[in-house]
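Residue 1 is where the sequence shown starts when you use the UniProt record's numbering, and the numbers rise one by one after that.
Taking it in order: structure first as structure tokens, then the write-up.
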Amino acid sequence: DCQDLKEQGNIVDGYYLMTTDYGLERRVFCSMDIGGTVILRHSRGGLDFNRNWAEYKAGFGATGASTDLWYGLENLSLDTYVNSGTATYTLRVDLTANDGTGFEAEYANFKVAPEVYGYQLITTGFLGGSAGNALLSIPDTSAGNMRFSTLDDDNDKDVNGHCPDRHKGGWWFNACSDSCLTCPMIPDGQTSADLCTSGLCTGWRTLGDITFQNVMMTIIRN
Numbered sequence: 001d002c003q004d005l006k007e008q009g010n011i012v013d014g015y016y017l018m019t020t021d022y023g024l025e026r027r028v029f030c031s032m033d034i035g036g037t038v039i040l041r042h043s044r045g046g047l048d049f050n051r052n053w054a055e056y057k058a059g060f061g062a063t064g065a066s067t068d069l070w071y072g073l074e075n076l077s078l079d080t081y082v083n084s085g086t087a088t089y090t091l092r093v094d095l096t097a098n099d100g101t102g103f104e105a106e107y108a109n110f111k112v113a114p115e116v117y118g119y120q121l122i123t124t125g126f127l128g129g130s131a132g133n134a135l136l137s138i139p140d141t142s143a144g145n146m147r148f149s150t151l152d153d154d155n156d157k158d159v160n161g162h163c164p165d166r167h168k169g170g171w172w173f174n175a176c177s178d179s180c181l182t183c184p185m186i187p188d189g190q191t192s193a194d195l196c197t198s199g200l201c202t203g204w205r206t207l208g209d210i211t212f213q214n215v216m217m218t219i220i221r222n
């Protein structure tokens, strides 16, 4: 994985072709400063993340080093849950605001369960970071232990509607969420008050109405 490549002296961020311990070959985008596998890159003006279940399962995104990507729920489950052995993973979230300010958050023992469990998000808790804990903030909006939902496969707990349809992105919605890193980016110069009633855009509620130019999620083997 990316941690192995870092330990071998690789220092350049980018895509690497690797074979997993369980025999699958895949191209992975590595963030070499932390030795992590990038599972989400989402930038303003980039890809549309309002996709169906099959696309989120398989993963999507272009091959360039600066382009958006989604690693794939099946890859995440295989790496962190099915074939992880004794390895544990930290989830790191990096958020860059429209003014260039950076924020981060980390979560312990991150796993994604197999598809039969709806690719449920599992973590033992918030480790800290300047972004605050929007992922697990309060019970009815926490992504913890939630199944993934997409525009064609709604697994959220919102009794009044369909979270992915309303928020225009796939996510571990509850009813709905204080975080959504696949929801649409707000154009530069706008604010969430203008266009994002009730979090209908890329957001991290513990940062209030701050809007973002790019966000990234990375898993790091411990």
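Even glycine gets a Cβ: it sits at the ideal position worked out from N, Cα and C.
In this structure, E106 is the residue among E106, G23, Y15 with its C-alpha nearest to the C-alpha of M217. R205 sits away from A143, with the two beta carbons spaced by 8 Å or more. Within the region 123–197, the runs of alpha helix (DSSP H) at least 4 residues long that lie entirely inside it are, in chain order, 163–167, 192–195. Contact annotation: D140 and N174 have beta-carbon atoms nearer than 8 Å. Looking at the backbone, the Cα of G102 and that of G203 are separated by about 14 Å. Per DSSP, reduced to three states, the secondary structure at Y16 is strand.
In the three-state reduction of the DSSP assignment, Q213 falls in the strand class. For T124, the closest of V116, P114, E115, N145 by C-alpha to C-alpha distance is N145. Under the three-state reduction of DSSP, A105 is assigned to strand.
Around D4, the same chain offers no residue with a beta carbon nearer than 6 Å, after the five sequence neighbours per side are excluded. In the DSSP annotation of this structure, the continuous segment of the beta strand (DSSP E) that includes S43 starts and ends at 36–43.
In this structure, D158 places its C-beta atom within 8 Å of the C-beta atom of C176.
The beta carbons of D68 and R41 sit about 5 Å from each other, so the pair counts as a contact at 8 Å. Collapsing the DSSP output to three states places C30 in a strand.
Note that the C-beta distance between I220 and Y89 is below 8 Å. Listed in chain order, the non-local C-beta contacts of G128 below 8 Å within the same chain comprise A105, E106, local neighbours out to five positions each way being set aside. When beta bridges are read from the DSSP output, R92 appears opposite E106, T218. The shortest CA-to-CA distance from S130 to any of D154, Q120, D156, D94 is the one to D94.
Sorting G72, D152, C30, A87 by C-alpha distance to the C-alpha of P114 places G72 at the top.
With respect to the 8 Å criterion, R26 and M32 are not classified as neighbours on the basis of their beta carbons.
As DSSP reads the structure, E55 sits in no beta bridge.
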